[in-house]
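Chains as they are written, first to last, in my numbering: chain A, -15 to 102; chain B, 4 to 117. Each residue gets a CB set at the ideal place from its N, CA and C atoms; glycine is no exception. What you are looking at is a predicted structure, and each value in this text was computed from that prediction instead of being measured.
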Amino acid sequence: EAGVAQSPRYKIIEKRQSVAFWCNPISGHATLYWYQQILGQGPKLLIQFQNNGVVDDSQLPKDRFSAERLKGVDSTLKIQPAKLEDSAVYLCASSLRRAGEAGSYEQYFGPGTRLTVT
Amino acid sequence: AQSVTQPDIHITVSEGASLELRCNYSYGATPYLFWYVQSPGQGLQLLLKYFSGDTLVQGIKGFEAEFKRSQSSFNLRKPSVHWSDAAEYFCAVRATSGTYKYIFGTGTRLKVLA
């Protein structure tokens, strides 16, 4: 089966510009996650969708970050305006099960988008 | 609050030597535990997971991990390291209630000497 797809793979922008990242999860996966991974750190959850509803966005900087998952399939993460500290790899992941459902809970990760803000 | 600690930022081993990467977690109950590997420029790949039952779990690529409740640890081991194992390794915990979110450690970067 196809894995999690993300685009673009790399993006360089100037501060105060806007940028958008796209993610297509594995077909049939109910839950989608966006993570921010700053160099030298582990991934930090930004937002978690279950189908097209938001489950957790407690660590999303809502003044500049937004995300949507229309129709419960692919998702877009946007940053507007970008700051220097947003330079990171943005990882998308999906899992088959909904939160709380019995069964497998593994997350499958895409290759990530490396964002550099200058 | 949940937390994951990976005490070793960098580890260097010779090819063929054994490996142990440490992971300690803080959580009120027994969480679900995972080890992921990340090669340069790649996403994270699941190595193994622990939900319940046998505390010694086997994963892919010859890795295993042991859950020790008394020590709140979930250390990753491999008896003989290959050069291709050079990567960054992340331990993660998943809550068993609430939003079931994942918390990742800061990672351990493994270097393998030929």
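Three-way DSSP call (helix, strand, coil) for residue i in this model
| i | result |
| --- | --- |
| SER87 of chain B | helix |
| GLN48 of chain B | strand |
| SER71 of chain A | coil |
| ILE63 of chain B | helix |
| LEU113 of chain B | strand |
| LYS55 of chain A | helix |
| ARG0 of chain A | coil |
| ARG72 of chain B | helix |
| ALA(-11) of chain A | strand |
| LEU23 of chain A | coil |
| GLN64 of chain A | coil |
| GLN43 of chain A | coil |
| THR58 of chain B | coil |
| ARG48 of chain A | coil |
| ILE10 of chain A | coil |
Straight-line gap, residue i to residue j (C-alpha atoms, nearest Å)
| i | j | result |
| --- | --- | --- |
| SER42 of chain B | PHE33 of chain A | 26 Å |
| SER50 of chain A | GLU18 of chain B | 45 Å |
| LYS62 of chain A | ALA117 of chain B | 43 Å |
| SER78 of chain A | GLU52 of chain A | 14 Å |
| GLN21 of chain B | ARG112 of chain B | Note that residue 21 of chain B corresponds to Ser in the displayed sequence, not to Gln. Spanning the two alpha carbons is a distance of roughly 15 Å. |
| PHE37 of chain B | PRO9 of chain A | 20 Å |
| GLY24 of chain A | ILE12 of chain B | 9 Å |
| LEU99 of chain A | ILE(-4) of chain A | 6 Å |
| SER67 of chain A | GLN61 of chain B | Reading the sequence as shown, one finds Lys at residue 67 of chain A and not Ser. Approximately 42 Å between the Cα atoms of the pair. |
| CYS76 of chain A | VAL(-12) of chain A | 7 Å |
| GLU91 of chain B | THR109 of chain B | 10 Å |
| THR97 of chain A | VAL7 of chain B | 25 Å |
| LYS46 of chain A | ARG97 of chain B | 24 Å |
| THR60 of chain A | CYS7 of chain A | 6 Å |
Nearest residue (CA-CA) to residue i, options the options
| i | options | result |
| --- | --- | --- |
| GLY56 of chain B | B:LEU50, B:GLY108, B:GLN48 and B:GLU69 | B:GLU69 |
| LYS(-1) of chain A | A:THR97, A:SER79 and A:GLN64 | A:GLN64 |
| LEU59 of chain B | B:HIS13, B:TYR39, B:VAL84 and B:ARG80 | B:ARG80 |
| LEU29 of chain A | A:ILE(-4), A:ARG81 and A:PHE93 | A:PHE93 |
| LYS114 of chain B | B:TRP38, B:GLU23 and B:GLY62 | B:GLU23 |
| GLY46 of chain B | A:ARG81, A:GLN(-10) and A:LEU80 | A:GLN(-10) |
| TRP18 of chain A | A:VAL38, A:ALA66, A:TYR89 and A:THR102 | A:VAL38 |
| SER73 of chain B | B:SER83, B:TYR92 and B:ALA32 | B:ALA32 |
| ASP58 of chain A | A:SER11, A:ASP41 and A:ALA(-14) | A:SER11 |
| PHE107 of chain B | B:TRP86, B:GLU67, B:LEU49 and B:SER83 | B:LEU49 |
| THR99 of chain B | B:TYR53, B:TRP86 and B:GLY65 | B:TYR53 |
| LYS55 of chain A | A:ASP47, A:ASP41, A:ALA14 and A:PRO(-8) | A:ALA14 |
| GLY65 of chain B | B:LYS71, B:VAL40, B:SER76 and B:GLY44 | B:VAL40 |
| THR102 of chain A | A:THR60, A:GLN21 and A:ALA72 | A:ALA72 |
| TYR103 of chain A | A:ASP40, A:GLN1, A:PRO95 and A:GLN91 | In this structure chain A extends from -15 to 102, so residue 103 of chain A is not present and cannot be described. |
| SER87 of chain B | B:GLY101, B:PRO10 and B:VAL16 | B:VAL16 |
| ASN78 of chain B | B:ALA89, B:GLN5, B:ALA95 and B:HIS85 | B:ALA95 |
Counterpart residues of residue i in DSSP-defined beta bridges
| i | result |
| --- | --- |
| ASN36 of chain A | According to DSSP, ASN36 of chain A bridges with nothing at all. |
| SER78 of chain A | A:LEU16 and A:TYR92 |
| THR8 of chain B | B:ASN27 |
| LEU36 of chain B | B:TYR53 and B:VAL96 |
| ARG98 of chain A | A:TYR(-6) and A:VAL73 |
| TYR103 of chain B | Paired residues: none, contrary to the question. |
| LYS28 of chain A | A:GLN20 |
| SER17 of chain B | B:LEU116 |
task: Scan the stretch 24 to 50 of chain A for residues whose Cβ lies nearer than 7 Å to a Cβ of chain C and list them as they occur along the chain.
output: The structure shown has no chain C; the protein chains it does contain are A and B.
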